[in-house]
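Asker:
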Amino acid sequence: MSALTLLGLSLVLQTLATVACDPSVSEGKETQVRTPHPLKPWESAYLPNSLKPISYEVQLWPWLFREKASGLFLFHGRSKVTLACLNQTKVIVLHSKALNYTKPPRVFGRDTLTVRKYWQEKANEYLVVLLDKHLEKGKVYSLHTAFSGELTPEMAGLYRCQYQEEGSIRFLAVTMMQPTNARKIFPCFDDPALKATFDLTVIHRPQHSVISNMPPRATSEMWVRGQVWLVTRFQRTPLMSPYLLACVVSDFRFIEETSNGVTIRVWARKQAVEGGQGDFALQAAGRLLHFYEQQFQLYYPLKKLDLVAVPCFDSGGMENWGVIIFRETNLLFQAGENSESSRQSLLLVLAHELVHQWFGNLVTIQWWNDLWLNEGFATYFSYLGNTFINPDWTVDSVFAANGLHLTLESDALANSHPLSIGEQEVSTTEHISQLFDNISYEKGASVLRMVSNFLTEKVFLQGLLSYLKEFSFRTVTYTDLRTHLQKAVNNQSAVSLPTNLKSILDTWVLQLGYPVVTVNTSSGLLSQQHFLLDSSSTVARTSKFGYRWYVPVTWQMNTTLQNMIWINRTTKVFVRKAVVKDQTWILANINAVGIYRVNYDDKNWDKLLILLMKNRDAIPVINRAQLIDDAFSLARGRHIRISRALETTHYLHTETEHLPWDMLSNHLDFMKLILSGSPSYSLLEEYILSKVRPVYQYFMELAWAELDTAPTDSCDQFAQEVVAGLACSNGLWECHKVARNLYSLWMAQPDVNPYLSLTMMPWKIKRQDALATIVLVAQNINGKKPAWNFIKTNWATLISEFSTAEAIVGLLEGVTSRSYRRRPTGGKGLGQREDGIAEPIKVKVKCDTAGIGHKLGEQFTFHWWDHIFNKAAADIVVETQEDGVVLQKVTSGGQEEGAVSNKKPRRAAVGREMLYGRFVKATTLTPHREQAEAEEPQSSDSSDQDEALDLSSTRRLTDEELLRACGGRTAHKGARHGLTMKAKLLRLEEQEQEFLAKYGQRGRTAGAEAAARTDVGKGTKMNKWLAKGERPTREEGPGIGTPEEEGHRLKAKKHKRRREKEGGKDTGIGKRR
18 MSALTLLGLS
28 LVLQTLATVA
38 CDPSVSEGKE
48 TQVRTPHPLK
58 PWESAYLPNS
68 LKPISYEVQL
78 WPWLFREKAS
88 GLFLFHGRSK
98 VTLACLNQTK
108 VIVLHSKALN
118 YTKPPRVFGR
128 DTLTVRKYWQ
138 EKANEYLVVL
148 LDKHLEKGKV
158 YSLHTAFSGE
168 LTPEMAGLYR
178 CQYQEEGSIR
188 FLAVTMMQPT
198 NARKIFPCFD
208 DPALKATFDL
218 TVIHRPQHSV
228 ISNMPPRATS
238 EMWVRGQVWL
248 VTRFQRTPLM
258 SPYLLACVVS
268 DFRFIEETSN
278 GVTIRVWARK
288 QAVEGGQGDF
298 ALQAAGRLLH
308 FYEQQFQLYY
318 PLKKLDLVAV
328 PCFDSGGMEN
338 WGVIIFRETN
348 LLFQAGENSE
358 SSRQSLLLVL
368 AHELVHQWFG
378 NLVTIQWWND
388 LWLNEGFATY
398 FSYLGNTFIN
408 PDWTVDSVFA
418 ANGLHLTLES
428 DALANSHPLS
438 IGEQEVSTTE
448 HISQLFDNIS
458 YEKGASVLRM
468 VSNFLTEKVF
478 LQGLLSYLKE
488 FSFRTVTYTD
498 LRTHLQKAVN
508 NQSAVSLPTN
518 LKSILDTWVL
528 QLGYPVVTVN
538 TSSGLLSQQH
548 FLLDSSSTVA
558 RTSKFGYRWY
568 VPVTWQMNTT
578 LQNMIWINRT
588 TKVFVRKAVV
598 KDQTWILANI
608 NAVGIYRVNY
618 DDKNWDKLLI
628 LLMKNRDAIP
638 VINRAQLIDD
648 AFSLARGRHI
658 RISRALETTH
668 YLHTETEHLP
678 WDMLSNHLDF
688 MKLILSGSPS
698 YSLLEEYILS
708 KVRPVYQYFM
718 ELAWAELDTA
728 PTDSCDQFAQ
738 EVVAGLACSN
748 GLWECHKVAR
758 NLYSLWMAQP
768 DVNPYLSLTM
778 MPWKIKRQDA
788 LATIVLVAQN
798 INGKKPAWNF
808 IKTNWATLIS
818 EFSTAEAIVG
828 LLEGVTSRSY
838 RRRPTGGKGL
848 GQREDGIAEP
858 IKVKVKCDTA
868 GIGHKLGEQF
878 TFHWWDHIFN
888 KAAADIVVET
898 QEDGVVLQKV
908 TSGGQEEGAV
918 SNKKPRRAAV
928 GREMLYGRFV
938 KATTLTPHRE
948 QAEAEEPQSS
958 DSSDQDEALD
968 LSSTRRLTDE
978 ELLRACGGRT
988 AHKGARHGLT
998 MKAKLLRLEE
1008 QEQEFLAKYG
1018 QRGRTAGAEA
1028 AARTDVGKGT
1038 KMNKWLAKGE
1048 RPTREEGPGI
1058 GTPEEEGHRL
1068 KAKKHKRRRE
1078 KEGGKDTGIG
1088 KRR
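Following the numbering used here, the numbering of the sequence shown begins with 18 at its first residue and continues without gaps.
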């Protein structure tokens, strides 16, 4: 063979190899070979794999006073990180954010290495250190830094907390490093997989104590400018992730006990400790720690455990190894003052954080895409620990009321996500933070509960024990867990599965959602279908499993439990035994251990509903609650009629267990939302009262007629809370009277002040509770407008204090999401869904300009909020999005008016279609000029569009600029509708002025006086009269009397309008106060 032939053959082979490696070829794309420009180490969102930390030595010096020159609270620090070089490199890249480096970094090996240059790469939150020569593979080096940072009140990183005790304002310093805030305190490799040891030193005032992961090993004095400071050095930690390092500098007190050789302390404010508020948590912690050691057959690896109750803490708790930090309400308990549900919540959070000492601290996820391996296990075993402390709280009943319900609600949305997602999908701190949701926590726990059920608890725990032992002080992925569970299955013969565990688990872990299982008792077919609350929505994420699952169906025929049925990723399976006749009934998903909804054929639904009326106890209480929950959700997803869902509540006047009432309460808010403003709303309230009144009276006979005495049985206490809440919120007069008396007694206390103003005082209302307090005030119909005015007045302060988008958007959602709108009340057709629920009415006026749209949406909402808020005749929706501000209204003819773009606005979650004002910060204010011009012709005044809009300015745009922006980008039609909408809003203002001129300021002043009241009577029209302590007559207010009286009132109002049009005299019937 000639040399030329060999050369040609080598070129062919090289080309074939290139084509085989190019994914674009398999997709039918052009086979053009592209060589991507290699990223520099600091340009990637992921740390380079050239270095690995071995240990950290960190010194922190927080100043709990304002520094004179800057007026800020500061901390100073030094760090030394010892590194192993895995691959030759001339650059050190590690995480750093918001730190000021007071000295240049220094690098040491056998000799000092010269640092050519260093800087902070803000885009990826890195500190980059360039060296003059390479670090050699296999050798060890150290990086030394000196830095300072601000002790902000943002509850992230190392922050300050302000509170009041014994008449004085006090400060403490506390850390919250999860998930990516260690980099705000010291430069580090802030990835969970990069474990190392930590030697921490903290400098503090003598009047303060300092707590960290490990016990102190030495304390010395240090004099600075004539003042003494203490230097506390702590013992070295075991190998752990950076986010688990913690410290608290405070003047707290503690109580302690020793359990199985572990010293357990509860730290809190002096008054709380002396008041005995930490006693319950201290006793429970020792018992729970021993329980989990037995469950996992591994001892807690440290010699001490500190539990710290902090007044300012954003999370419920943080599982730092050896020093768990809690929000005060999740660790402190006052018997006789806190409710039974508060005690249960405290235990669940305490148990959750203790489980993390094994699942999360000892065995840690390799990357955040498997977060559920931490949070799912902690959540699941917290329910087991909860039942261990109080056997009355059975695992299934507590889980069904909390974890399972949240799972089924959250995972029924098209924009949900799988439990485990690809690492490439989680590259930024924002992506990581978004994973701390109900899917990772509650669905993770729900999957583990279901797996434990079909494997049996014995086999399940055997797999977990080998998993924990093999990966102690190491990191794991989902496949590691799956492998160990499969080994446990292989080592026994009692449990048989339809296929290997990988095939089963992957359908639940690697794809979002869950199925609805339909049981047809006429044909014997069991079928599955992906369940979505909005059946018209489209799931953008593809699944290689086709959204089919291996579904373990537990079921019973009458009262006899049957063998489990598996639906093996097929749409249907035939079960001969499921064909039933006569009065035989079938119930599926016993005790709701499976993650799926259950639907039945009409005959079986009828049999179950009749059984509930005749003998409710023939169906387990968890399944009674499940029937209600499934039915209402299936109605929202348009699988059954809404009337069928309401039929599941017919028996409730005989129900004294809290779970079914809980489920009804969960769905009532949605029902009231869609029916508010229609005649059906008052009918719904009357129906709920007919069911809740007998149960309320039943509990009154248990000696809590004044609602101030709790039943001795914990389940009765839960029922007391939910039944009393439903009774009061739906207008039961007896409940209102009692609640009003209790509220008056509480308000008479000298330390009670108006809530809204107190949210700006962190020593009065804790910072993490401030936004929730504003939202709760707004949930009262009389407090909504004062809450909004408060937000507008204090907007700059709120933005600066609560800088995260989630916090601000959550505040605005909570304040504006109540049902201030009118809904169509006509017959079928437009505005009427198949289930009888009225649809929202929509008209779109849009600006197809991305940046302008955000600015317009924000400013339009602020400027016109009072008119939108008080609208009387339209369902106006304000929504900011990529392509502009959307105002929606429905016409009686069923056509959308003003739809000037073929882009569709992004929909909110189902149940929120009839929206609220929502603000989204614009990431760019650059108009999409070419796109807008291609879609719509320019209006005559569009040439000076950019000159009219100063997009870089923060000034408020004028009305003309706002309308011109819409008109300029959406042609004359958009401008015309914009002007029409403005005219309607101005007319609303005129109507308001006319109303006030005619009836005075009584309604407005009554609302202002009641603004700070609690939510007694929410959703009713009785609040004004409740404050006076008297029942109104028909003449004093509408909608209070019997249905017959209401009908007479509506007729009188109709005649009144007719007389006014004809010039007749108004008789004054039906005047509103």
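All C-beta atoms in this analysis are idealised placements derived from N, C-alpha and C, irrespective of residue type, glycine included.
Alpha carbon to alpha carbon, what distance is there between Arg286 and Asn470?
Answerer: Locating residue 470 in the sequence shown gives position 453, counting from the first residue. Locating residue 286 in the sequence shown gives position 269, counting from the first residue. Cα to Cα, the separation comes out at about 43 angstroms.
Asker: What ranges does the beta strand (DSSP E) occupy inside the segment 490 to 522, keeping only unbroken runs of at least 3 residues that lie completely in it?
Answerer: Runs of the beta strand (DSSP E) inside the segment 490 to 522: 491 to 493.
Asker: For Tyr260, I'd like the list of residues in its chain whose CB is within less than 8 angstroms of its CB, leaving aside the five on either flank, ordered along the chain.
Answerer: As a first step, residue 260 must be located in the sequence shown, where it is residue number 243. Around Tyr260: Met194, Gln195, Pro196, Thr197, Asn198, Ala199, Asp207 and Pro209.
Asker: So what does Val596 bridge to, in DSSP terms?
Answerer: The residue labelled residue 596 in the question sits at position 579 within the sequence shown. Answer is none; Val596 lacks a bridge partner.
Asker: By Cβ distance below 8 angstroms, which residues in the same chain neighbour Asn616 in space, the five residues on each side in sequence not counted?
Answerer: Indexing the sequence shown from 1 puts residue 616 at position 599. Once the five neighbours on either side are set aside, the close Cβ partners of Asn616 are Val533, Val534, Thr535, Val536, Asp647, Leu651, His656 and Ile657.
Asker: Quick check: the Cα distance between Gln311 and Val380, rounded to an integer number of angstroms?
Answerer: Within the sequence shown, numbered from 1, the residue matching residue 311 stands at position 294. Within the sequence shown, numbered from 1, the residue matching residue 380 stands at position 363. Gln311 and Val380: Cα-Cα distance of roughly 17 angstroms.
Asker: I'd like to check one pair, Lys620 with His670: are the Cβ atoms closer than 7 angstroms?
Answerer: For the purposes of this step, residue 670 is identified with residue 653 of the sequence shown, where counting begins at 1. For the purposes of this step, residue 620 is identified with residue 603 of the sequence shown, where counting begins at 1. The answer is no: Cβ separation not under 7 angstroms.
Asker: What does the Cβ neighbour count give for Asn230, buried or exposed, with the cut at 16 atoms within 10 Å?
Answerer: Residue 230 sits at position 213 when you count from the first residue of the sequence shown. Buried, since its Cβ has 16 or more Cβ neighbours within 10 Å.
Asker: Pick from Ile202, Leu550 and Gly480: whose alpha carbon is nearest that of Ala263?
Answerer: As a position in the sequence shown, residue 263 is number 246, starting the count at 1. The residue with the shortest Cα to Cα distance from Ala263 is Ile202.
Asker: Can you give me the C-alpha to C-alpha distance between Lys114 and Tyr143, rounded to a whole angstrom?
Answerer: Working through the sequence shown from its first residue, we reach residue 114 at position 97. Working through the sequence shown from its first residue, we reach residue 143 at position 126. Cα to Cα, the separation comes out at about 7 angstroms.
Asker: Under 8 angstroms Cβ to Cβ from Trp80, same chain only, skipping five residues before and after it: list those, please.
Answerer: As a first step, residue 80 must be located in the sequence shown, where it is residue number 63. Result list for Trp80: Phe90, Leu91, Phe92, His93 and Leu168, in chain order.
Asker: What residues are listed by DSSP as bridge partners for Ser165?
Answerer: For the purposes of this step, residue 165 is taken as the residue at position 148 of the sequence shown. For Ser165, which the question treats as bridged, DSSP gives the partners His93 and Asn117.
Asker: Please state the DSSP three-state secondary structure of Ile202.
Answerer: In the sequence shown, residue 202 corresponds to position 185, counting from 1. Correct three-state label for Ile202: coil.
Asker: What's the C-alpha gap between Val794 and Asn806?
Answerer: Your numbering for residue 794 matches position 777 in the sequence shown. Your numbering for residue 806 matches position 789 in the sequence shown. Their backbone Cα atoms lie some 12 angstroms apart in a straight line.
Asker: Since Met239 sits in a beta bridge, which residues does DSSP pair it with?
Answerer: As a position in the sequence shown, residue 239 is number 222, starting the count at 1. Its beta-bridge partners are Trp246.
Asker: In three-state DSSP terms, what is Pro677?
Answerer: Residue numbering aside, residue 677 sits at position 660 when the sequence shown is read from its first letter. Of the three classes helix, strand and coil, the one that applies to Pro677 here is helix, per DSSP.
Asker: Who are the near neighbours of Ala37 in its chain, counting only those whose CB is closer than 7 angstroms to its CB and skipping five residues on each side?
Answerer: Indexing the sequence shown from 1 puts residue 37 at position 20. Summary for Ala37: the model assigns pLDDT 36, below 50, so the residue's position carries little reliability; its value from the coordinates is reported in the next sentence. Answer for Ala37: no residue qualifies.
Asker: Which of the three DSSP states is assigned to Pro532 in this structure?
Answerer: The sequence position of residue 532 within the sequence shown is 515, counting from 1. Correct three-state label for Pro532: strand.
Asker: On the CB-based measure, 16 or more other CB atoms within 10 Å of its CB, does Thr1091 come out buried or exposed?
Answerer: Nothing in the structure corresponds to residue 1091, since the chain is present only between 18 and 1090.
Asker: Per the contact definition of three or more C-beta pairs closer than 8 angstroms, is the segment 501 to 521 in contact with the segment 630 to 643?
Answerer: The answer is no - the segment 501 to 521 does not touch the segment 630 to 643, with fewer than three Cβ pairs under 8 angstroms.
Asker: Please classify Ser399 as buried or exposed, where buried requires at least 16 neighbouring CB atoms within 10 angstroms.
Answerer: In the sequence shown, residue 399 corresponds to position 382, counting from 1. Counting Cβ neighbours within 10 Å, Ser399 comes out buried, since at least 16 surround it.
Asker: Please classify Ala352: is it buried, with 16 or more other beta-carbons within 10 angstroms of its beta-carbon, or exposed?
Answerer: Reading the sequence shown from its first residue, position 335 is the one you call residue 352. Looking at its Cβ environment, which holds fewer than 16 other Cβ atoms inside 10 Å, Ala352 is exposed.
Asker: Who does Asn391 pair with in a DSSP beta bridge?
Answerer: Within the sequence shown, numbered from 1, the residue matching residue 391 stands at position 374. For Asn391, which the question treats as bridged, DSSP gives no partner whatsoever.
Asker: I'd like to know if the segment 70 to 80 and the segment 216 to 229 are in contact, where contact means that at least 3 CB-CB pairs between them fall below 8 angstroms.
Answerer: Short answer: they touch.
Asker: Return the chain-ordered list of same chain residues with a C-beta closer than 8 angstroms to the C-beta of Val739, the five sequence neighbours on each side being excluded.
Answerer: Translated into positions along the sequence shown, residue 739 becomes position 722. If we look at Val739 and ignore the five residues flanking it on each side, its Cβ neighbours are His675, Trp678, Asp679 and Ser682.
Asker: So which of Thr538, Lys689 and Leu306 has the shortest CA-CA distance to Trp572?
Answerer: Residue mapping note: residue 572 aligns to position 555 of the sequence shown, counting from 1. Comparing Cα-Cα distances from Trp572 to each of Thr538, Lys689 and Leu306, the minimum goes to Thr538.
Asker: Does Tyr309 pass the burial test, meaning 16 or more other C-beta atoms within 10 Å, or should it be called exposed?
Answerer: Position 292 of the sequence shown, counting from 1, holds the residue named residue 309. It is buried - the Cβ of Tyr309 has at least 16 other Cβ atoms within 10 Å.
Asker: On a CA-only basis, which of Glu474, Gly393, Thr99 and Leu625 is nearest Val506? Give me that one, please.
Answerer: By 1-based counting over the sequence shown, the position of residue 506 is 489. With distances taken between Cα atoms, Val506 lies closest to Glu474.
Asker: Looking at Arg466: is its Cβ nearer than 7 angstroms to the Cβ of Tyr397?
Answerer: By 1-based counting over the sequence shown, the position of residue 466 is 449. By 1-based counting over the sequence shown, the position of residue 397 is 380. Yes, they are a contact pair.
Asker: CB-CB under 8 angstroms to Phe9, same chain, minus the five flanking residues each way: which ones, in chain order?
Answerer: There is simply no residue 9 to check, as the chain begins at 18 and stops at 1090 in what is shown.
Asker: DSSP three-state call for Arg344: helix, strand or coil?
Answerer: Here the question's residue 344 lines up with position 327 in the sequence shown. Strand, per DSSP.
Asker: Can you name the residues that DSSP bridges to His112?
Answerer: Against the sequence shown, residue 112 aligns to sequence position 95. According to DSSP, which records beta bridges pairwise, His112 is partnered with Tyr143 and Cys205.
Asker: Short check: CB of Ala787 to CB of Val832, under 7 angstroms?
Answerer: Residue 787 sits at position 770 when you count from the first residue of the sequence shown. Residue 832 sits at position 815 when you count from the first residue of the sequence shown. No; because the gap between Cβ atoms is not below 7 angstroms, this pair is not in contact.
Asker: What would DSSP say about Arg661, mapped onto helix, strand or coil?
Answerer: Sequence index remark: in the sequence shown, residue 661 carries index 644 (1-based). Of the three classes helix, strand and coil, the one that applies to Arg661 here is helix, per DSSP.
Asker: Throw me the rounded Cβ distance for the Leu6 and Tyr668 pair, which I believe falls under 8 angstroms.
Answerer: This structure cannot speak to residue 6, because the chain is shown only from 18 to 1090.
Asker: Quick check: the Cα distance between Leu425 and Arg653, rounded to an integer number of angstroms?
Answerer: Locating residue 425 in the sequence shown gives position 408, counting from the first residue. Locating residue 653 in the sequence shown gives position 636, counting from the first residue. C-alpha separation (whole angstroms): 13 angstroms.
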